[in-house]
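Asks:
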Amino acid sequence: MQVRNSSPQSPQVAPAIIPKSTEFRAWVQDCLGVLDVSARSLAVSVEMGPNTLRTFLSDPTRGINMDTANVLTCKLHEAAHDQGKVLPRLGAIRLARSKGVQDNV
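Mapped onto my numbering, the consecutive letters of the sequence shown carry residue numbers 1320 to 1424.
Here it is, written out as structure tokens:
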């Protein structure tokens, strides 16, 4: 039986990395730049209030619920596919740090 906050028992199952709001915010901003898409157009495309997304992106104290993060992530990946572009990996920096790899600064 799997207990909350424990590692998976199978070595074939990698734990999911759920980013903190600050990491997700930075990733969304990076993706908007890669795709040359405005936050407003992204918000409208997922039927989200433009001010809701703008506030999340500009206010480091604001969080976002997981359903909304999922919708944004899916839409950004869909747009990247349509444009033939590759998005940065979400959580890549955090994963590297957890394995002892240093950032290239």
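For each residue, glycine too, the CB sits at the ideal point set by N, CA and C.
Please list, in chain order, all residues of the same chain as P1369 whose beta carbon is under 6 angstroms from its beta carbon, the five residues on each side excluded.
Replies: Counting only Cβ-Cβ distances below 6 angstroms, and skipping sequence neighbours, we find R1359, A1362.
Asks: Would you give the residue range spanned by the alpha helix (DSSP H) that S1364 belongs to?
Replies: Here the alpha helix (DSSP H) through S1364 covers 1358 to 1364.
Asks: Enumerate in chain order the residues of its own chain whose CB-to-CB distance from S1364 is below 7 angstroms, with the five nearest sequence positions on each side excluded.
Replies: Same-chain partners within the cutoff: K1394.
Asks: Mind checking which residues open and close the alpha helix (DSSP H) that includes D1349?
Replies: Counting along the chain, the alpha helix (DSSP H) containing D1349 begins and ends at 1340 to 1354.
Asks: Is it buried or exposed, V1405, if we count other Cβ atoms within 10 angstroms and call 16 or more buried?
Replies: Label assigned to V1405: exposed.
Asks: Per DSSP, what kind of secondary structure is P1369 in: helix, strand or coil?
Replies: Helix at P1369.
Asks: Would you tell me roughly how many angstroms separate the C-alpha atoms of R1381 and G1403, rounded to the nearest one?
Replies: Spanning the two alpha carbons is a distance of roughly 31 angstroms.
Asks: Go to V1405, then tell me how far its alpha helix (DSSP H) extends in each direction, as first and last residue.
Replies: It is not in any alpha helix (DSSP H) - V1405 carries neither H nor E in the DSSP assignment.
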